[in-house]
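Asker:
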Amino acid sequence: MKLKKIFIIIIALMSLFYVETFGQAAKKPRLVVIPSDALLVQMNLLGGTDDMGEVNYVQNYKQAFLDTELKACIAKISELFQDRGFPLTMLEAELRRVQGKDLVIPVDLRLELNYKINKQGPRDVLYFELTGLDAYSSKQVAGSSGQSKPAIGETKVNLLQEAAIDKIDKFANDIQTYFEGLADVGRESRLTIETDGVELPASVEDIVDLWLQKNCIRGSFSIDEVDETAIRVSQAMMPLYNANGRGMDARNFYRPLVQELKTKLTGFNVSQKSSSKTSQSDGGGTLGDSYILISQ
Amino acid sequence: MKQILLLSLLALFVGTISVSAQKKKAAREFRYEIVSMGTGSQGSALIKVYSYAKKEKDALELAKQNAVHGILFKGVAGTNGTASQPALVKPQEKENNQDFFDSFFDNGDYQRYVSLSSDGIVDPKDRMKVGKEYKIGVVVSVNKADLRKYLENEGIIKGLGSMF
Chain D
43 MKLKKIFIII IALMSLFYVE TFGQAAKKPR LVVIPSDALL VQMNLLGGTD
93 DMGEVNYVQN YKQAFLDTEL KACIAKISEL FQDRGFPLTM LEAELRRVQG
143 KDLVIPVDLR LELNYKINKQ GPRDVLYFEL TGLDAYSSKQ VAGSSGQSKP
193 AIGETKVNLL QEAAIDKIDK FANDIQTYFE GLADVGRESR LTIETDGVEL
243 PASVEDIVDL WLQKNCIRGS FSIDEVDETA IRVSQAMMPL YNANGRGMDA
293 RNFYRPLVQE LKTKLTGFNV SQKSSSKTSQ SDGGGTLGDS YILISQ
Chain H
49 MKQILLLSLL ALFVGTISVS AQKKKAAREF RYEIVSMGTG SQGSALIKVY
99 SYAKKEKDAL ELAKQNAVHG ILFKGVAGTN GTASQPALVK PQEKENNQDF
149 FDSFFDNGDY QRYVSLSSDG IVDPKDRMKV GKEYKIGVVV SVNKADLRKY
199 LENEGIIKGL GSMF
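Protein chains in written order, with our numbering: chain D, 43 to 338; chain H, 49 to 212.
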């Protein structure tokens, strides 16, 4: 009997040790190198459609990846990240994966790539720019750019790969600082609450406001928009780990809010989705984006 | 009386060792300037280090340790055509692991990550007499990738994906 108790205590301690030791991994963001619109314009691969006088741009990424120089540059950036123990998600492979399916490519951090070769007489000068953008806050979290020394007779691939090697230290350092900052101030998240057309119950705004004040790190968030059918929240700082020390994304973070809305809104159905249609079309992933639908 | 004398001698001996150890520690000073020499091969940094010493030969030897010290703690400013290189070790990480870095330099471990470029040949423009000292500029290559991995494996610095 005594032996059984000791055995149970040992198992309990081991479980606690497991959660403490291995449960401390935050959800890993997906980093994707994406050719910038400025680069696609140079390649004649940025189309446009007229939407009531407003131009909507359409990026032809598939065609862009047939360009050897672009592929070589992205391959080098990816190789350098892999060398640092952080493999990137390859956009080209993801485009193939979702082809013909009604799927979107989740991106948490966009690494936007732009470059241009300018002529100085017989010499080539490469302008290279790599920008890291948080998909949920649209804030720049990393950046490295500059011109190469003038070169004669160098291939474009060589110039691009050399620029990637030159810029990577500063860029990776910025990303590292950003990651370490997440542990202190939390990850920025967005929340969209929408109805299926019915008027949003008046109490929802107060419930959401109070819940965010209580659960966001330092009570930090912004309610961007409130109308009859929707509430849009941004800059809501969520912790990286839950109370059990497990990694958390926006879906986990807002789940208790969904439960609270379900309890308090009688006569309504409340359901949670990973991300809204808007964020999907923006290329946003699920790590920092959540969507709640209220219907009758 | 004899015991007191013995104890006094012992105290003096211990004190001498302690002072000598401190002097040895203080002797390792890092006085140098670093400039980027362009983009090195993948994973390495090509830099010119100006070191100060009373003998020219000593300045050449100091260049290696100064180069590694600079890559670890100072970083290298960008020049026309090259980006800046941030320091591998943050001030807090340095402070928390001072003993590790003391032995890293004292044991000569740093030498595994640095090599003199052009066999250490010094350009006449980079050999200067400053007061009673020589200021010698040497081009060296520091294997940053291996150095970073070593520090990550030793738990001194964090890797890019360490928190995920």
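Don't be surprised by glycine CBs; every beta carbon is placed ideally from N, CA and C.
Applying a beta-carbon distance threshold of less than 7 Å, which residues of chain D neighbour Leu94 of chain H?
Answerer: Chain D residues near Leu94 of chain H: none, gap ~11 Å exceeds 7 Å.
Asker: Hey, is the segment 179-190 of chain D in contact with the segment 90-109 of chain D, meaning 3+ C-beta pairs nearer than 8 Å?
Answerer: no
Asker: How far does the beta strand (DSSP E) with Tyr157 of chain D in it extend, from its first residue to its last?
Answerer: Leu151 to Gln162
Asker: Does any CB atom of chain H fall closer than 7 Å to the CB of Glu247 of chain D?
Answerer: no
Asker: For chain H, check one thing: does any of its Cβ atoms lie closer than 7 Å to the Cβ of Asn98 of chain D?
Answerer: no
Asker: Using the Cβ count rule (16 or more neighbours within 10 Å means buried), how would you classify Glu222 of chain D?
Answerer: So Glu222 of chain D counts as exposed.
Asker: Quick one: residues in its chain with C-beta nearer than 7 Å to the C-beta of Val97 of chain D, no 5 flanking neighbours on either side, listed in chain order?
Answerer: Gly90
Asker: Can you confirm whether Phe121 of chain H, when its beta carbon is compared against all beta carbons of chain D, has any partner nearer than 7 Å?
Answerer: no
Asker: Determine the DSSP secondary structure at Phe64 of chain D, reduced to helix, strand or coil.
Answerer: Caution applies to Phe64 of chain D, whose pLDDT of 45 falls short of 50 and renders its modelled position unreliable; the model cannot decide the point.
Asker: Please go through the same chain and pick out, in chain order, the residues whose beta-carbon is closer than 7 Å to the beta-carbon of Leu88 of chain D, but skip the five residues on each side of it.
Answerer: Asp79, Leu82, Tyr99 and Gln101
Asker: Could you name the residues that DSSP lists as bridge partners for Asn290 of chain D?
Answerer: Per the sequence shown, residue 290 of chain D should be read as Met rather than Asn. Met290 of chain D pairs with nothing; no bridge assigned.
Asker: Please state the DSSP three-state secondary structure of Gly174 of chain D.
Answerer: strand
Asker: For Ala244 of chain D, count the other beta carbons within 10 Å of its own beta carbon; 16 or more makes it buried, fewer makes it exposed. Which is it?
Answerer: exposed
Asker: In whole angstroms, what separates the C-alpha of Ile204 of chain H from that of Gln301 of chain D?
Answerer: Near 43 Å, if we compare the C-alpha coordinates of Gln301 of chain D and Ile204 of chain H.
Asker: In whole angstroms, give me the CA-to-CA distance for Pro281 of chain D and Ile273 of chain D.
Answerer: 22 Å
Asker: Ala117 of chain D CB to nearest chain H CB: under 7 Å?
Answerer: no
Asker: Which value, in whole angstroms, describes the spacing of the CA atoms of Lys256 of chain D and Arg72 of chain D?
Answerer: 28 Å
Asker: If we call anything under 7 Å between Cβ atoms a contact, is Gly209 of chain H one with Gly127 of chain D?
Answerer: yes
Asker: Does chain H have any CB closer than 7 Å to the CB of Arg152 of chain D?
Answerer: no
Asker: Whole angstroms is fine: what's the gap from Tyr333 of chain D's alpha carbon to Thr234 of chain D's?
Answerer: Roughly 5 Å separates the two Cα atoms.
Asker: Tell me whether the beta-carbon of Lys198 of chain D lies closer than 7 Å to the beta-carbon of Glu111 of chain D.
Answerer: In this structure, Glu111 of chain D lies closer than 7 Å to Lys198 of chain D by Cβ.
Asker: When you compare only the Cα positions, how much space is there between Lys142 of chain H and Gly174 of chain D?
Answerer: 28 Å
Asker: Closest to Ala193 of chain H by C-alpha separation, out of H:Phe149, H:Gln146, H:Val116 and H:Lys183, would be which residue?
Answerer: H:Val116
Asker: Could you list which residues in chain A have their beta carbon closer than 7 Å to that of Phe295 of chain D, in chain order?
Answerer: No chain A appears in this structure, whose protein chains are D and H.
Asker: From H:Thr127, H:Phe152 and H:Gly123, pick the residue whose C-alpha is nearest to that of Pro139 of chain H; which is it?
Answerer: H:Gly123
Asker: If you draw a straight line from the C-alpha of Ala205 of chain D to the C-alpha of Phe170 of chain D, how long is it?
Answerer: 7 Å
Asker: Where does Lys185 of chain H sit, in a helix, a strand or coil, going by DSSP?
Answerer: Note that residue 185 of chain H is Gly in the sequence shown here, rather than Lys. In this structure, Gly185 of chain H counts as strand in the three-state DSSP scheme.
Asker: Under three-state DSSP, which class holds Thr308 of chain D?
Answerer: coil
Asker: Looking at chain D, which residues of the segment 121-143 of chain H have a Cβ within less than 8 Å of any of its Cβ atoms?
Answerer: Gly126, Asn128, Gly129, Thr130, Ala131, Ser132, Gln133 and Pro134
Asker: Is the separation between the beta-carbon of Leu136 of chain H and that of Leu120 of chain H shorter than 7 Å?
Answerer: yes
Asker: Do Cys115 of chain D and Leu202 of chain D have their C-beta atoms within less than 7 Å of each other?
Answerer: yes
Asker: Answer yes or no: does any C-beta atom of chain D fall closer than 7 Å to that of Gly207 of chain H?
Answerer: yes
Asker: Mapping the DSSP letters down to three states, classify Lys71 of chain H as helix, strand or coil.
Answerer: Note that Lys71 of chain H scores a pLDDT of 45, beneath 50, so its modelled location is shaky and nothing firm can be said.
Asker: Suppose the cutoff is 6 Å on Cβ atoms and the five residues either side in sequence are ignored; what does the same chain contact list for Asp31 of chain D look like?
Answerer: Since the first residue of chain D shown is 43 and the last is 338, residue 31 of chain D is not available in this structure.
Asker: Please name the residue in H:Arg196, H:Gln113 and H:Val170 whose C-alpha comes closest to that of Gly156 of chain H.
Answerer: Of the candidates H:Arg196, H:Gln113 and H:Val170, the one whose C-alpha sits nearest the C-alpha of Gly156 of chain H is H:Gln113.
Asker: Does DSSP put Gln133 of chain H in a helix, in a strand, or in coil?
Answerer: strand
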